[in-house]
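K.L.:
Starting off with a structure, shown below.
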Amino acid sequence: MLRYFTAGETHGKCLTVIIEGVPAGFKISLDEINECLAKRQKGHGRGGRMLIEKDRAEILSGVRGGITLGSPIAMRIENKDWANWSEIMGTEESNGEKSVEYPRPGHADLTGGMKYDHHDLRNVLERASARETAARVAVGGLTRQIVEQFGVEFKSRVVSIGDVEDTADTSEAGFYERASVSPVGFGDAAAEKRAMEYIDNIKAAGESCGGVVETVAFGVPAGLGSYVHYDRKLDARLAFAAMSVQAIKGVEIGMGFKAAMTSGSGVHDEIAYDNGFKRLTNNAGGIEGGMSNGEPIVLRAAMKPIPTLYNPLRTVSIKDKTEHKASVERSDACAVPACAVVIEAVAAFEIAKAFLEKFGGDCLSDIRASYEAYMERIKSF
Ligand code: EPS
15 MLRYFTAGET HGKCLTVIIE GVPAGFKISL DEINECLAKR QKGHGRGGRM
65 LIEKDRAEIL SGVRGGITLG SPIAMRIENK DWANWSEIMG TEESNGEKSV
115 EYPRPGHADL TGGMKYDHHD LRNVLERASA RETAARVAVG GLTRQIVEQF
165 GVEFKSRVVS IGDVEDTADT SEAGFYERAS VSPVGFGDAA AEKRAMEYID
215 NIKAAGESCG GVVETVAFGV PAGLGSYVHY DRKLDARLAF AAMSVQAIKG
265 VEIGMGFKAA MTSGSGVHDE IAYDNGFKRL TNNAGGIEGG MSNGEPIVLR
315 AAMKPIPTLY NPLRTVSIKD KTEHKASVER SDACAVPACA VVIEAVAAFE
365 IAKAFLEKFG GDCLSDIRAS YEAYMERIKS F
């Protein structure tokens, strides 16, 4: 089974990941992983930390000469900011500076402190921080390469930032290329300008904003996931993965919430046959009955505004219980474009996992044989 763990605090020495269950024989490009990491650092509205970091993964095990060995793959991403925090965040000794007393509404601070009996809320926020998403992007950057070798392609975009929506048509030629270089992940230039102004205003007001991101997986074969049991349903697994990303508050697949307001004939995708089964529309977002149906998988996630506000909200001191302004940590006014990269990464991991369950084997050649035999069989179904 494909699985992973991440470790690391935002101002600790590094982020570490271990991925288990990658079969032998897959070609892995470290450059591709690092391109994903670089992309996660970009976007209009990011804070000072991204000026310090230059995230790069180092593969420590499980790969030899660019080919997976079938053994656990360990990776490490250095925190350059560690140089400024080593005395505060040292694992052997800490000077206890920069302690946090005033929990931020919306962050893990207060409940995390209560739960783990931490009386310096830094002990909570260091791990709860979205810095951890760099590790998950490295995991997605590697595991996506398993399914890319079978023609699966991942694309992402930002649907909206605050109340500014991208008006571009995603089916237009060159849309994803434009969105991938846009500072807000949009395809339409006028909407992009409005979104950038929106972020600038939010930032000037000491505020933060959220948005909606979308990831599409093209070329996923029909039949990943299953209808037979709740925890094998691909949509449930993608929703879990997306909801596990810091600051995500809502998930949709395909038409999502709009399907609840539309009658059956306006929702369900009619079936046609042209050298294989296909759907005439894709309102289901590529998943029916918990299984991929061969159409593009469309996953959307809603990110709430980051809880650190430079114009802070009211809170209470965990020491003397008096009213106070919430702590201010360095933060981003908007991290929605980065979130699109993270959602793509966690979706790629889940799809790779479901792919290996379906075509599983210890090595690429076994998986390829199983994949080709299945594709041949369903073509003549
Ligand atoms: C982040 C690193 C963090 C934050 C941000 C995301 O670094 P620092 O705390 O040193 O500025 O910028 O995380 C949050 C705002 C949060 O509340 O989790 C990153 O690498 O993406």
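Take the sequence shown: its position 231, counting from 1, is numbered 245 in the working numbering, and each next residue is one higher. Every residue gets a Cβ at the ideal spot worked out from N, C-alpha and C, and that includes glycine.
Using beta-carbon positions only, say whether Ala298 and Ala256 come within less than 8 angstroms of one another.
P.N.:
Taking the first residue of the sequence shown as position 1, residue 298 is located at position 284. Taking the first residue of the sequence shown as position 1, residue 256 is located at position 242. Contact: no.
K.L.:
Return yes when the C-beta of Ala396 is under 7 angstroms from any heavy atom of the ligand EPS, and no when it is not.
P.N.:
Outside the displayed span of the chain (15 to 395) sits residue 396, for which this structure offers no information.
K.L.:
Considering just the uninterrupted stretch of the beta strand (DSSP E) at Glu23, what are its terminal residues?
P.N.:
As a first step, residue 23 must be located in the sequence shown, where it is residue number 9. That residue, Glu23, is in no beta strand (DSSP E); it is neither H nor E in DSSP.
K.L.:
Could you tell me which whole beta strand (DSSP E) segments of length 3 or greater appear in the stretch 142-185?
P.N.:
Counting only runs of 3 or more, we get 167-175.
K.L.:
Who are the Cβ neighbours of Cys50 in its own chain at under 7 angstroms, not counting the five residues just before and after it?
P.N.:
Here residue 50 refers to the residue found at position 36 of the sequence shown. Excluding sequence neighbours, Cys50 sits near Val151, Gly154, Gly155, Val355 and Ala359.
K.L.:
At which residues does the beta strand (DSSP E) containing Cys28 begin and terminate?
P.N.:
Within the sequence shown, the letter at position 14 stands for residue 28. Taken as a continuous stretch (DSSP letters only), the beta strand (DSSP E) holding Cys28 covers Cys28 to Glu34.
K.L.:
Over what stretch of residues does the alpha helix (DSSP H) that includes Tyr190 continue unbroken?
P.N.:
As a working mapping, residue 190 is identified with position 176 in the sequence shown. Here the alpha helix (DSSP H) through Tyr190 covers Phe189 to Val195.
K.L.:
Quick one: Cα of Arg344 to Cα of Arg63, how far?
P.N.:
Residue numbering aside, residue 344 sits at position 330 when the sequence shown is read from its first letter. Residue numbering aside, residue 63 sits at position 49 when the sequence shown is read from its first letter. Each residue's Cα considered, the two are about 8 angstroms apart.
K.L.:
Check whether the Cβ atoms of Ile175 and Val350 sit closer than 8 angstroms, and answer yes or no.
P.N.:
One-based indexing of the sequence shown puts residue 175 at position 161. One-based indexing of the sequence shown puts residue 350 at position 336. A contact, by the Cβ cut-off of 8 angstroms.
K.L.:
For Ser113, collect the residues of the same chain with a Cβ closer than 7 angstroms to its Cβ; drop the 5 residues on either side in sequence, then sort them by chain order.
P.N.:
Reading the sequence shown from its first residue, position 99 is the one you call residue 113. Closer than 7 angstroms at Cβ, skipping near neighbours: Asp134 and Arg136.
K.L.:
How should Met275 be labelled, buried or exposed, when 16 other C-beta atoms within 10 angstroms of its C-beta is the threshold for buried?
P.N.:
One-based indexing of the sequence shown puts residue 275 at position 261. So Met275 ends up on the exposed side.
K.L.:
Measure the alpha-carbon distance for Thr184 versus Arg251 and round it to whole angstroms.
P.N.:
On the sequence shown, position 170 is the one that residue 184 refers to. On the sequence shown, position 237 is the one that residue 251 refers to. If you take the alpha carbons of Thr184 and Arg251, they lie about 25 angstroms apart.
K.L.:
On the DSSP bridge list, what partners appear for Ala286?
P.N.:
Counted from its first residue, the sequence shown places residue 286 at position 272. Paired residue(s): Lys292.
K.L.:
For Glu92, write down the residues that DSSP places opposite it in a beta bridge.
P.N.:
Reading the sequence shown from its first residue, position 78 is the one you call residue 92. Paired residue(s): Cys28.
K.L.:
Do you know how far the Cα of Ala286 is from the Cα of Glu92?
P.N.:
For the purposes of this step, residue 92 is identified with residue 78 of the sequence shown, where counting begins at 1. For the purposes of this step, residue 286 is identified with residue 272 of the sequence shown, where counting begins at 1. In a straight line, the C-alpha of Glu92 is about 51 angstroms away from that of Ala286.
K.L.:
For Leu294, which residues in the same chain have their Cβ closer than 7 angstroms to its Cβ, ignoring the five residues on either side in sequence?
P.N.:
By one-based count along the sequence shown, residue 294 stands at place 280. Taken in chain order, the residues that qualify are Asp283, Glu284 and Ala286.
K.L.:
Kindly indicate the opening and closing residues of the beta strand (DSSP E) around Ile216.
P.N.:
What you label residue 216 is simply residue 202 of the sequence shown in a count that begins at 1. No beta strand (DSSP E) holds Ile216; the alpha helix (DSSP H) holding it covers Ala203 to Ala218.
K.L.:
Excluding the five sequence neighbours on either side, which residues of its own chain have a C-beta within less than 7 angstroms of the C-beta of Ala231, listed in chain order?
P.N.:
Taking the sequence shown and counting its residues from 1, one reaches residue 231 at position 217. Answer for Ala231: Val166, Phe168, Pro310, Ile311, Ala361 and Ile365, listed in chain order.
K.L.:
Using a threshold of 7 angstroms, is the CB atom of Glu191 nearer than that to any non-hydrogen atom of the ligand EPS?
P.N.:
To locate residue 191, count along the sequence shown from 1; it is residue 177. Answer for Glu191: no, Cβ out of range of the ligand EPS.
K.L.:
Please work out which residues of its chain come closer than 8 angstroms, Cβ to Cβ, to Thr336, disregarding the five sequence neighbours upstream and downstream, and give them in chain order.
P.N.:
Here residue 336 is taken as the residue at index 322 of the sequence shown, counted from 1. Counting only Cβ-Cβ distances below 8 angstroms, and skipping sequence neighbours, we find Val330.
K.L.:
Under 8 angstroms, do Val178 and Tyr212 count as touching if we go by C-beta distance?
P.N.:
Sequence index remark: in the sequence shown, residue 178 carries index 164 (1-based). Sequence index remark: in the sequence shown, residue 212 carries index 198 (1-based). Their beta carbons are under 8 angstroms apart, which means Val178 touches Tyr212 by this criterion.
K.L.:
Over what stretch of residues does the alpha helix (DSSP H) that includes Gly225 continue unbroken?
P.N.:
Your numbering for residue 225 matches position 211 in the sequence shown. Unbroken run through Gly225 is the beta strand (DSSP E), Gly225 to Phe232; no alpha helix (DSSP H).
K.L.:
Report whether the distance from the Cβ of Gln163 to the nearest heavy atom of the ligand EPS is below 7 angstroms.
P.N.:
Against the sequence shown, residue 163 aligns to sequence position 149. Every heavy atom of the ligand EPS is 7 angstroms or more from the Cβ of Gln163, so no.
K.L.:
Kindly indicate the opening and closing residues of the alpha helix (DSSP H) around Val312.
P.N.:
Within the sequence shown, residue 312 is the residue found at index 298, counting from 1. Note, Val312: premise wrong, no alpha helix (DSSP H); beta strand (DSSP E) at Ile311 to Met317.
K.L.:
Beta-carbon of Ser75 versus every beta-carbon of chain D: anything under 8 angstroms?
P.N.:
Checking the listed chains, one finds no chain D in this structure; it contains a single protein chain.
K.L.:
So for Met412, helix, strand or coil by DSSP?
P.N.:
What the structure shows of the chain is the stretch from 15 to 395, and residue 412 is not part of that stretch, so it cannot be assessed.
K.L.:
So what's Ile381 in DSSP terms, helix, strand or just coil?
P.N.:
If you number the sequence shown from 1, residue 381 lands on position 367. In the structure shown, Ile381 sits in a helix (DSSP, three-state: H, G or I).
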